[in-house]
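Encoded as C-alpha cells, the structure appears first; notes follow it.
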Amino acid sequence: AQKITQTQPGMFVQEKEAVTLDCTYDTSDPSYGLFWYKQPSSGEMIFLIYQGSYDQQNATEGRYSLNFQKARKSANLVISASQLGDSAMYFCAMREGRRTGGFKTIFGAGTRLFVKA
Amino acid sequence: DGGITQSPKYLFRKEGQNVTLSCEQNLNHDAMYWYRQDPGQGLRLIYYSQIVNDFQKGDIAEGYSVSREKKESFPLTVTSAQKNPTAFYLCASNQGVIGNEQFFGPGTRLTVL
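Which chain is which? The protein sequence lines are Z and W, in order.
Take any residue in the first sequence, count from 1 to its spot, add 554: that is its number in the numbering used here.
Take any residue in the second sequence, count from 1 to its spot, add 28: that is its number in the numbering used here.
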C-alpha cells in the first residue's frame, strides 16, 4: 500500500547550519514521484522540490536538495544555510504513477522545523 | 493571475448541518483534490478527481461528498455523517502528469459548534 512516513515531529537547527528532514515511503509501483512542501504558520502550501523514481541524480533547488536513496525507500530533504524564515511545517508527499494513473497524492504527518537565531 | 480560490476562509456551522466548501481553479488543470488537516497533523486525502464527471475516494472519504461537473470546480460537502468535521480543508490541483507539483488554495477553516 502507498505510505509516507515522517518520524521527526519537531526539529531544531541553528541559523546558518544545515538540517536534514527524514522521509521514508512504501510503494509497489515502480513509477512514482516524491515531493516536499513547506507550510508556514499562515497555512499556505509552498512546493519546494520534486524527485522522480527514475531520476538518476538527486534533485536540487537553491538551498534545498533531496537525498534520494531508492533501495532504502527514503527521500530526505536537506536545507542548507538555514534561515529564520525556514521555520515552518515540512511535508513529504508521494504520487504513484501506474497504479493510480499518476493522480493520487498522499502526504506524511509532517516535521515542524524551528530555526534558532 | 492563475490560481485556486477557496471560499469562505472561515466557516461556522451547527452540528448536524451539511455544509459545502467551494474550490475553483483557473489553471486548466485536469486533477483536483481535497485534503483535511487537523491541528499539528499532516494532510489526509478525502477525494480526488482526474477528470470531469469522475472522482475517487481517498483515505478518509466517509461523511464527505464531492462533484466535478466542470473542470474548474470541485466542491466538497461535509455531511452530518462526518463525526468530527472541525478541521482545516485544503483544495489542490495539478496537471495530470506524475511530476507536476500540486497548487493549493488558501484553505477553509471549518468549525462545527
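Ideal Cβ positions, reconstructed from N, Cα and C, are used throughout, including at glycine.
Supposed close pair residue i, residue j - CB separation, criterion 8 Å
i, j, result
"I558 (chain Z)", "F661 (chain Z)", "6 Å"
"T48 (chain W)", "T105 (chain W)", "5 Å"
"S77 (chain W)", "A59 (chain W)", "7 Å"
"F102 (chain W)", "G31 (chain W)", "In fact, because the Cβ distance is near 14 Å, the residues do not count as touching under 8 Å."
"R649 (chain Z)", "G564 (chain Z)", "With 8 Å as the limit, R649 (chain Z) and G564 (chain Z) do not qualify as a contact, their Cβ atoms being about 26 Å apart."
Which listed residue (the options) has its alpha carbon closest to that of residue i
i, options, result
"D66 (chain W)", "Z:G664, Z:F668, Z:A671 and Z:V669", "Z:G664"
"G124 (chain W)", "W:I79, W:L71 and W:G86", "W:I79"
"D640 (chain Z)", "Z:Q605, Z:A555 and Z:S595", "Z:S595"
"A635 (chain Z)", "Z:Y618, Z:T561, Z:A647 and Z:K624", "Z:Y618"
"S35 (chain W)", "W:S50, W:N122 and W:R137", "W:S50"
8 Å Cβ cutoff met for residue i and residue j
i, j, result
"L620 (chain Z)", "E569 (chain Z)", "no"
"R64 (chain W)", "F83 (chain W)", "no"
"G587 (chain Z)", "G127 (chain W)", "yes"
"G86 (chain W)", "F116 (chain W)", "no"
"N612 (chain Z)", "F601 (chain Z)", "no"
"F645 (chain Z)", "L71 (chain W)", "yes"
Own chain partners of residue i with C-beta closer than 7 Å, once the 5 adjacent residues on each side are dropped
i, result
"F566 (chain Z)", "F668 and K670"
Close-in-space but distant-in-sequence residues of the same chain around residue i (CB under 6 Å, 5 per side omitted)
i, result
"T578 (chain Z)", "T559, K627 and S628"
"T574 (chain Z)", "N630 and V632"
"T107 (chain W)", "N46 and G91"
"R41 (chain W)", "V47 and V140"
Neighbour flag for residue i against chain Z, beta carbons, 8 Å
i, result
"T39 (chain W)", "In the sequence on display, residue 39 (chain W) carries Leu and not Thr. No - not a single Cβ of chain Z is within 8 Å of the one on L39 (chain W)."
"E129 (chain W)", "yes"
"L152 (chain W)", "Only positions 29 to 141 of chain W appear in the structure, and residue 152 (chain W) is not among them; the question remains open."
"Y117 (chain W)", "no"
Any C-beta of chain W under 8 Å from that of residue i
i, result
"K627 (chain Z)", "no"
"R617 (chain Z)", "no"
Distance cut-off 7 Å: residue i Cβ against heavy atoms of the ligand FMN
i, result
"A613 (chain Z)", "In the structure shown, the ligand FMN is absent, as is every other ligand, since no ligand is present at all."
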